[in-house]
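Input: a single structure, listed below in structure tokens.
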Amino acid sequence: MEHVADRLIEAIRSRKTPLCVGLDPRWESLPLEIRRRHWPTELGRGRAFEEFGARLIDVIAPAAGVLKPQCAFFEAIGPAGCEALRQLLARARQRGLFTILDAKRNDIASTAEAYAEMAFSFYNADRLTVNPYLGRDSIEPFLKVGRQRRRGLFVLVRTSNPGAGQFQDLRCQDQPLHVHVARAVEAWSRENLGRHGFGDVGAVVGATSPAELSALREVMPSAYFLVPGYGAQGGTAEDVRGGFRADGLGAIVNSARAINFPFPPDAADWESQVEAAAHKAARELGQLYFR
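Put into structure tokens, the structure is as follows:
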């Protein structure tokens, strides 16, 4: 199996866009035609999420090479949701998509290793988002399991939520705390580089802070960026330019709500609206980075 960063780049280049589609299913936002087929029980919701996700994957696969499901929406409904997520990740791989499990896990020792097994064995995702707050010994178990299976991580560095700066921007030794995290990410990434010069440890850096995005690219030249905040959160294609190298590599840009639910619930043509939203975002990002 190829290096995880090289597999990511292959998925991006095959579509000529750095678009990553988030998958955040909400029962109340699902198309009415799906909700009417499934009772709102645990099992019914799981089946509805799987049907919606499968149909979404099929229509976005030609436009985007990366899928990032948020596991909380699936896990909240119990075992049926977990199985739906597992099946959707398998379907995404069959469609040639690179998969990121957005779980933001963290712990130490055997518990962290169990989280990693969940992500890379049970769900079989290519990468997992993790929280670095507990330090190096909380990341090592994820690195160990991930490298055994040629998978990777995205570490939270500078996020796009409104309260991110409360801790991430605190001054520590004359620099923001997130810069110290970024340096650690770069060191972890350089331990295992692919042929394009990117490692198996990437960084989550929000599109809502363009200046910080550019600065953090200098701090982490070997870390691929996962950039949330584009689209519904207000970030634009121009805002994320600082996360990329001149060759169009270096970042993937996530959009979830704007692509998952661009339609009213009673829309009969909801799949065509999802497809149009995905292609629009793919073109907008692709024109900037894959000319």
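Residue numbers (the working numbering): 17 to 307.
Using N, Cα and C, we set each Cβ at its ideal position, and we do this for glycine too.
Between the alpha carbons of residue i and residue j, how many angstroms are there, rounded?
| i | j | result |
| --- | --- | --- |
| Glu67 | Gly247 | 25 Å |
| Phe214 | Gly62 | 36 Å |
| Trp170 | Phe241 | A small fix is needed here, since residue 170 is Phe in this sequence, not Trp. In a straight line, the C-alpha of Phe170 is about 8 Å away from that of Phe241. |
| Arg187 | Pro226 | 19 Å |
| Pro237 | His212 | 11 Å |
| Phe14 | Ala130 | Residue 14 lies beyond the residue range present for the chain, which begins at 17 and ends at 307; the question has no answer from this structure. |
| Gln303 | Glu156 | 38 Å |
| Tyr149 | Arg165 | 24 Å |
| Arg152 | Arg206 | 15 Å |
| Leu59 | Pro192 | 46 Å |
| Arg109 | Asp118 | 16 Å |
| Arg299 | Thr33 | 7 Å |
| Asp285 | Ser30 | 27 Å |
| Cys312 | Phe306 | The structure shown does not extend to residue 312, since the chain is modelled only from 17 to 307, so the question has no answer here. |
| Met17 | Gly210 | 12 Å |
| Glu291 | Arg111 | 15 Å |
| Arg163 | His19 | 9 Å |
| Ala293 | Ile28 | 18 Å |
| Gly251 | Ala180 | 15 Å |
| Val201 | Val217 | 7 Å |
| Thr224 | Asp190 | 23 Å |
| Arg52 | Phe277 | 17 Å |
| Leu308 | Leu232 | Nothing can be reported for residue 308: it is not among the residues displayed for the chain, which extend from 17 to 307. |
| Val146 | Ala128 | 10 Å |
| Phe279 | Thr57 | 24 Å |
| Gly245 | Gln182 | 18 Å |
| Pro78 | Ser154 | 37 Å |
Round the Cβ separation of residue i and residue j to the nearest angstrom and send it over; I've been treating them as touching at under 8 Å.
| i | j | result |
| --- | --- | --- |
| Ala239 | Ala219 | 5 Å |
| Arg199 | Gln184 | Rounded, the Cβ-Cβ distance is 14 Å, inconsistent with contact. |
| Val37 | Leu105 | In fact, because the Cβ distance is near 13 Å, the residues do not count as touching under 8 Å. |
| Gly259 | Val243 | 6 Å |
| Arg102 | Phe136 | With 8 Å as the limit, Arg102 and Phe136 do not qualify as a contact, their Cβ atoms being about 12 Å apart. |
| Ala70 | Arg107 | 6 Å |
| Ala297 | Ala267 | Between Ala267 and Ala297 the Cβ distance is about 14 Å, and since that is not below 8 Å, they are no contact. |
| Gly97 | Phe65 | 6 Å |
| Ala100 | Phe90 | 6 Å |
| Ala253 | Leu301 | 5 Å |
| Val269 | Leu229 | Contact doesn't hold; Cβ gap of about 11 Å is too wide. |
| Leu39 | Pro95 | The pair is not a contact, with the Cβ atoms about 19 Å apart (cut-off 8 Å). |
| Gly222 | Ser176 | 3 Å |
| Leu35 | Ser271 | 7 Å |
Give the secondary structure of residue i by DSSP, where H, G and I count as helix, E and B as strand, and everything else as coil.
| i | result |
| --- | --- |
| Gln189 | coil |
| Ala267 | strand |
| Pro34 | coil |
| Ile25 | helix |
| Asp255 | helix |
| Phe260 | coil |
| Ile275 | helix |
| Phe65 | helix |
| Leu46 | coil |
| Tyr246 | strand |
| Leu39 | strand |
For residue i, would you say it is in contact with chain C, using Cβ-to-Cβ distances shorter than 8 Å as the test?
| i | result |
| --- | --- |
| Arg42 | Considering every chain present, this structure includes no chain C. It has just one protein chain. |
CB of residue i to nearest heavy atom of the ligand HEM: below 7 Å?
| i | result |
| --- | --- |
| Phe158 | Annotation note on the ligand HEM: not contained in the displayed structure, which lists no ligands. |
Discussion item. Measuring CB atoms only, is the segment 118 to 126 touching the segment 66 to 79, in the sense that at least three cross pairs come out at less than 8 Å?
Written reply: Segments in contact, no.
Discussion item. Across the segment 19 to 37 and the segment 130 to 145, are there enough close Cβ pairs to call them in contact, namely three or more that are closer than 8 Å?
Written reply: At 8 Å Cβ cutoff, the stretches touch.
Item to complete: For the segment 209 to 238, list the beta strand (DSSP E) runs that are entirely contained and at least 3 residues long, ordered along the chain.
Response: Segments of the beta strand (DSSP E) lying fully in the segment 209 to 238: 217 to 221.
Fill in: Ranges of the beta strand (DSSP E) found wholly within the segment 67 to 112, counting only runs of at least 3
Counting only runs of 3 or more, we get 82 to 85.
Worksheet item: Can you list the alpha helix (DSSP H) stretches of 4 or more residues lying completely in the segment 116 to 146, in chain order?
Response: Fully enclosed alpha helix (DSSP H) runs of 4 or longer: 125 to 133.
Worksheet item: What are the complete beta strand (DSSP E) segments, minimum 3 residues, inside the segment 153 to 202?
Response: Entirely contained in the segment 153 to 202, the beta strand (DSSP E) runs reaching 3 residues are, in chain order, 168 to 174.
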